[in-house]
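**Q** Please read through the structure below; I'll follow up with questions.
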Amino acid sequence: MSTTQEILTEQCGILMTYEQLGEVMHRSPEALRITLSDNRTEWARSINAAKRKWGRRVLFRTADIARLIDEGIID
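Sequence positions in the sequence shown follow my numbering and run 13 to 87.
Structure representation (structure tokens):
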């Protein structure tokens with residue numbers, strides 16, 4: 013497990029909400045939703061690949077987000 017993944021998992025658990033992901037990316041949850049709805053950029057496609065639905069809730073796999081941060085896809 014990478015250090016980034018350890019830190020994010022400790023802070024957020026194994027799944028992240030829009031609010032938690034927005035905090036990590038320094039964006040509001042609303043702006044993040046709008047940006048991710050437009051699937052034209054590489055990082056939006058990468059983040060959307062980490063997206064999982066649980067009922068009506070949308071969550072993101074923390075391990076995938078940490079990997080994207082380590083690869084430099086997410087700033």
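Just so you know, even glycine gets a beta-carbon here, dropped at the ideal spot from N, CA and C.
Exposed or buried, which one is Q32 when buried takes at least 16 other CB atoms within 10 Å?
**A** Here residue 32 corresponds to residue number 20 of the sequence shown, with the count starting at 1. Buried.
**Q** Can you tell me the Cβ-Cβ gap for F72 and I86, rounded? I've got them flagged as a contact below 8 Å.
**A** As a first step, residue 72 must be located in the sequence shown, where it is residue number 60. As a first step, residue 86 must be located in the sequence shown, where it is residue number 74. Not really, about 11 Å apart at Cβ, beyond 8 Å.
**Q** Under a three-way DSSP split, which group does R45 fall into?
**A** One-based indexing of the sequence shown puts residue 45 at position 33. DSSP places R45 in helix when its eight states are reduced to three.
**Q** Return the bridge partner residues of M28 from the DSSP annotation.
**A** The residue you call residue 28 lines up with position 16 of the sequence shown. Answer is F72, bridged to M28.
**Q** Along the alpha helix (DSSP H) that carries R57, what are the first and last residues, could you check?
**A** Translated into positions along the sequence shown, residue 57 becomes position 45. Segment E54 to A61, the alpha helix (DSSP H) holding R57.
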